[in-house]
Structures are given as C-alpha cells and as structure tokens.
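S.K.: Just passing along the structure, written as structure tokens.
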Amino acid sequence: MGSTRLPGKALADLGGRPILEHVVRRVRRAATVDEVIVATTDRPADDAIESLCARLKVRCYRGDEEDVLRRFLGAIEGTRADVVVRVTADCPLLDPAVIDRVVRARARAKADYASNGLERSWPRGFDVEAVRVEALAVADRLARQPHEREHVTPAIYEHPDRFRVMNVLAPPGARAPELRVCVDTAEDLEVVRRIMAESEDPDGLRDEDVVAFLQSHPDVRSINA
13 MGSTRLPGKA LADLGGRPIL EHVVRRVRRA ATVDEVIVAT TDRPADDAIE
63 SLCARLKVRC YRGDEEDVLR RFLGAIEGTR ADVVVRVTAD CPLLDPAVID
113 RVVRARARAK ADYASNGLER SWPRGFDVEA VRVEALAVAD RLARQPHERE
163 HVTPAIYEHP DRFRVMNVLA PPGARAPELR VCVDTAEDLE VVRRIMAESE
213 DPDGLRDEDV VAFLQSHPDV RSINA
C-alpha cells in the first residue's frame with residue numbers, strides 16, 4: 013500500500029475487484045503452486061490488505077517494511093516448501109502458465125534460482141521468480157546491502173559463482189519486452205483496465221492475448237509508453 017507513484021494500488025479497483033485479488037486468483041490457478049501467501053508490512057495502512065486476505069481465505073504474513081527479504085522468509089516459515097515462487101502484487105494480468113513455465117524450467121535444470129526477468133522477454137507485469145528455500149536462507153546470511161534486503165533475491169542472482177541461476181525466455185507469441193502491464197502508475201492502471209474491458213474473458217487472458225491486444229491497439233499501448 014506504500015507506493016509513492018500510485019498510493020493504495022494493491023486495492024485499486026480493476027473490473028470490480030482489487031488488483032491484489034486478481035493476482036491471488038491467477039496464482040492459485042498455477043498447477044505448480046500449492047499455497048498462496050501474501051507478505052505485506054506491519055504498517056497500519058496495510059490492515060486493509062490483511063482484511064482482504066481473510067476474505068479470500070489466503071494466509072497473510074506481516075513484517076518489516078524495509079527488510080523485505082526477512083519478511084519473505086518469515087512468510088514461508090512453518091511451510092514444508094523446498095521451492096518458493098515470488099511474484100509481486102502489481103501484476104494483475106500474470107498468466108498462471110508463465111508461473112508453471114518458470115517453475116518447471118528451474119526443476120529440470122536443478123537450478124537454485126530461475127527467473128524470466130534477468131533477460132527480459134515477456135512484457136513487464138509477467139515477472140516470476142522460483143527459488144530454492146535453502147538458497148534464500150544462504151542469501152539472508154550474505155545480504156548486507158540495502159538493495160539486497162529490499163528486493164529479496166539480488167544476493168542470489170548477482171552471484172552466479174555461488175548459486176545456479178537461470179533465465180527463462182518467453183515463447184514467440186509472448187515476446188514483447190517493450191510492453192508494460194504491471195501497475196505502478198495511473199497510466200499503467202488505465203492500460204490494464206482497457207485490456208480487461210475489451211476482453212470477452214478477462215479472467216482467462218493469457219500472456220499471448222495481452223501482447224496481441226496491445227500490438228493491435230497502439231492507442232492503448234501509448235498510454236503508458
């Protein structure tokens with residue numbers, strides 16, 4: 013909720029639902045995800061996020077605002093997970109199939125960390141990381157710089173000498189790194205609203221559907237270009 017460019021964006025209305033609800037619903041549809049946990053801050057402003065999680069029957073963990081790595085690790089304490097998926101709450105069009113692609117690629121390669129953002133090929137807004145819990149624990153001990161604590165995984169992907177790191181590329185129909193469907197600004201939100209409003213099945217939008225729409229609607233694409 014503490015966004016400076018679009019305050020309260022996690023609960024901003026998108027087709028009658030908060031953005032965060034869209035993210036939770038989409039992540040739940042990924043075949044490779046067993047449980048969804050929302051990790052937010054312990055600031056009073058985020059009480060509303062905890063209330064939404066209760067309504068959605070999804071676990072909510074609250075922790076330090078600045079040390080997001082510690083908050084992330086706190087969220088998975090007590091689970092039996094050996095691999096965790098990290099997505100952010102500003103990606104309401106995230107395709108569950110993209111999550112599955114990244115998770116399965118990591119498993120096949122036996123990597124410590126897989127992401128589709130190290131070399132971007134999908135539009136912004138389809139970002140997924142899959143990481144071994146053991147690697148996260150090591151990163152927690154190594155991370156000393158503020159950006160390593162704030163952005164959770166830099167202590168892993170910035171050290172391929174220590175960890176097995178891999179990037180996952182988009183299929184040809186979804187390859188459009190110049191496009192943007194994450195929600196950080198009012199213009200971003202307008203783009204996503206237009207995409208959903210003009211879709212016959214907004215909940216079923218795939219990555220390739222989003223790319224095809226924006227490529228054929230330059231007027232929408234230009235809103236947040």
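Numbering (this note's numbering), first residue to last: 13 to 237.
Positions of the beta carbon are idealized from the N, C-alpha and C atoms, including for glycine.
Computed from a prediction, not measured in an experiment: that's the story for all the values here.
(1) Near alanine 24, what residues of its chain come up, given a Cβ to Cβ distance below 8 Å and the 5 sequence neighbours on each side ignored?
(2) Taking only the alpha-carbon atoms, compute the straight-line gap between leucine 154 and arginine 67 and give it to the nearest angstrom.
(3) The alpha helix (DSSP H) with isoleucine 88 in it runs from where to where?
(4) Report buried or exposed for histidine 159, applying the criterion of at least 16 other Cβ atoms within 10 angstroms of its Cβ.
(5) Starting from arginine 144, follow the beta strand (DSSP E) in both directions and report where the run begins and ends.
(6) Got a sec, what are the start and stop residues for the alpha helix (DSSP H) cysteine 65 sits in?
(7) Cα-Cα, which of Asp221, Asp152 and Ser63 is closest to proline 183?
(8) State the beta-bridge partners of isoleucine 235 as determined by DSSP.
(9) In terms of alpha-carbon separation, which member of Ala42, Arg74 and Val223 lies closest to proline 189?
(10) Does the stretch 44-55 come close enough to the stretch 85-99 to have 3 or more Cβ pairs within less than 8 Å?
(11) Roughly how many angstroms lie between the CA atoms of proline 135 and aspartate 219, to the nearest whole one?
(12) Using beta-carbon positions only, say whether valine 35 and proline 108 come within less than 7 Å of one another.
M.R.: On the basis of the coordinates in this document:
(1) Within the same chain, alanine 24 has close Cβ partners Leu18, Pro30, Ile31, Val195 and Leu201.
(2) One alpha carbon belongs to leucine 154, the other to arginine 67, and they sit about 37 Å apart.
(3) Here the alpha helix (DSSP H) through isoleucine 88 covers 80-88.
(4) Counting Cβ neighbours within 10 Å, histidine 159 comes out exposed, since fewer than 16 surround it.
(5) Arginine 144 -> beta strand (DSSP E) spans 141-144.
(6) Looking at the DSSP string, the run of the alpha helix (DSSP H) that includes cysteine 65 is 59-68.
(7) For proline 183, the closest alpha carbon among the candidates Asp221, Asp152 and Ser63 is that of Asp221.
(8) DSSP output for isoleucine 235 lists no bridge partner at all.
(9) Closest by alpha carbon: Val223.
(10) Yes, the stretch 44-55 is in contact with the stretch 85-99.
(11) Those two C-alpha atoms are separated by around 9 Å.
(12) No; because the gap between Cβ atoms is not below 7 Å, this pair is not in contact.
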